[in-house]
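Beneath this line is the structure, given in structure tokens, with notes to follow.
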Amino acid sequence: MLDEVDKVGMDFRGDPSAALLEVLDPEQNNSFTDHYLGVPFDLTDVLFIATANLIDPILPALRDRMEVIGIPGYTEEEKLGIAQKYLIPRQLNEHGITEKHVRIAEPAVRQIIANYTREAGVRNLEREIANVMRKVAKKVAEGKGVGFPVNPANLHKYLGVPKFVPEEELKVDEIGVATGLAWTESGGDVLYIEATAMKGKGQLTLTGQLGDVMKESAQAALSYVRSRERTLGIDPDVFTTQDLHIHVPAGAIPKDGPSAGITMAIAIASTLSQIPVRRDLAMTGEITLRGRVLPIGGLKEKLLAAKRAKLTTVILPKRNKKDLDEIPKHILKGIQLVFADTMDDVMKVALRRGPKPTRPTGKPQTPQPQQKKSATRAKTGRTARSLPVHATTTRPRQLH
């Protein structure tokens, strides 16, 4: 068993990956000799099993010699079942108490999962359950009672204030705020992407510890929105007279990946067109300059994050439809899935009102009779009546 193989380091003392390359390739080596003991080892019947949290840090040559088996994280229902059947009985036994001393209600276990742990497995869940058992065992030893029920109302007395506050949907439809979905080592998470515009020279500012891939996605999203300015009813002057700022909250956490492309595009389009984004909707997908929506990974974890946030609609790339066969039915219950092939499909659903095409400018407009009359009077020397400013000029759209 090679545990945490993605954490293998390389420094002046050597590179362990080089030794693993020789051992894990049966075509080259079926045995090796330990240089310290001087004893040969036969590897003919040895099956190596390596574990890792992330695939990317593993040396590519080493990764090519492995058969990668992806294991998704547990759902909330699966964690609940594991806790009730295995973790709680084991901790009761280890702390020398029984069910007559403590009984953790199901809602309390769910609250521990949601508010005190954030992980793909159940390691921290067992630690929190052990914390409860220790405090109950202490009370029993001090003779303070026999039965101690644990429920959501008194859970904070055992574990303190919640460590994590689950994300919830926005209270109202907002302009410039789009809800995305992200995959992390601990599972899925909701990602709010904010965009705002201010007077400037057309510069784009990105904040929130974004990686290179995510920065390029923001550039592609902005270029796509610029190409659809007439369809969205955006004044073209804003791209040279306004600066755009995109921020992804939780600035202390690094973020990267292309799957937030369509979310950024919606946030930008909403800001520049002043069309609100639906608050009960989340989306994920990569965007191209032509407006195509490309598939993403981590679908199960992202849908779980949407369900925890009580979001009722999720926009997914159309090419991810085939992946639904691997998603448990109880996860999809209560969520409306919208499959998008292009950004037009996304905008029709995500924006509160559909984008309106601008009026063609190819044909000159016919002057109004009142304007002709005013012009004639001006030529003959008569004083022309001043028209209201709003009738002759068009002010640029104010962006907030």
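Residues in the sequence shown are numbered consecutively from 71, following this note's numbering.
Even for Gly, the Cβ is constructed at its ideal location relative to N, Cα and C.
Extent of the continuous beta strand (DSSP E) run through residue i
i, result
"residue 402", "Note, residue 402: premise wrong, no beta strand (DSSP E); alpha helix (DSSP H) at 399–402."
"residue 153", "Note, residue 153: premise wrong, no beta strand (DSSP E); not H, not E."
"residue 276", "274–277"
"residue 320", "Where residue 320 is concerned, there is no enclosing beta strand (DSSP E), given that its DSSP letter is neither H nor E."
Identity of the residues DSSP links to residue i by a beta bridge
i, result
"residue 259", "252"
"residue 409", "386"
"residue 351", "383"
Chain-order list of residues whose beta-carbon lies under 6 Å from that of residue i (same chain, five-residue window excluded)
i, result
"residue 280", "325"
"residue 288", "276, 316 and 334"
"residue 196", "157"
"residue 267", "312, 314, 341 and 469"
"residue 328", "283, 287 and 356"
"residue 207", "165 and 167"
"residue 185", "232 and 234"
"residue 378", "236"
Coarse secondary structure for residue i, derived from DSSP in three states
i, result
"residue 358", "coil"
"residue 74", "coil"
"residue 329", "coil"
"residue 338", "helix"
"residue 130", "helix"
"residue 98", "coil"
"residue 372", "helix"
"residue 418", "helix"
"residue 379", "coil"
"residue 226", "helix"
"residue 364", "strand"
"residue 124", "coil"
"residue 214", "coil"
"residue 116", "coil"
"residue 436", "Residue placement at residue 436 is poorly supported in this model, since its pLDDT is 42, which falls under 50; the coordinates still yield a value, given next. Coil at residue 436, not helix or strand."
"residue 264", "strand"
"residue 137", "coil"
"residue 142", "coil"
Where the alpha helix (DSSP H) containing residue i begins and where it ends
i, result
"residue 287", "282–297"
"residue 78", "Run containing residue 78: none; DSSP gives neither H nor E here."
"residue 309", "308–311"
"residue 112", "Taken as a continuous stretch (DSSP letters only), residue 112 belongs to no alpha helix (DSSP H), being part of the beta strand (DSSP E) at 110–112."
"residue 204", "193–211"
"residue 177", "176–185"
Close beta carbons around residue i, own chain, < 8 Å, minus the five adjacent residues each side
i, result
"residue 203", "161, 162, 164, 165, 167 and 172"
"residue 80", "86 and 87"
"residue 90", "72, 75, 78 and 132"
"residue 100", "112, 113 and 114"
"residue 264", "246, 247, 316, 317, 318, 319 and 337"
Own chain, CB closer than 7 Å to residue i, minus 5 neighbours either side, in chain order
i, result
"residue 390", "365, 366 and 369"
"residue 228", "201, 202, 205 and 220"
"residue 331", "287, 290, 291, 355, 356 and 357"
Minimum Cβ-Cβ distance from residue i to chain B less than 8 Å
i, result
"residue 136", "The structure shown contains no chain B; it holds only a single protein chain."
message: Can you confirm whether the stretch 120–136 touches the stretch 88–105 when touching is taken to mean that 3 or more C-beta pairs between the two stretches lie within less than 8 Å?
response: Because the criterion of three Cβ pairs below 8 Å is met, the stretch 88–105 and the stretch 120–136 touch.
Exercise. With contact counted as at least three CB pairs below 8 Å, one residue from each stretch, are the stretch 294–307 and the stretch 209–222 in contact?
Worked result: no
Margin query: I want to know whether the stretch 376–392 touches the stretch 350–360 - three or more CB-CB distances under 8 Å.
Written below: yes
Is there contact between the stretch 411–421 and the stretch 370–381, where contact requires at least three CB pairs shorter than 8 Å?
-> no
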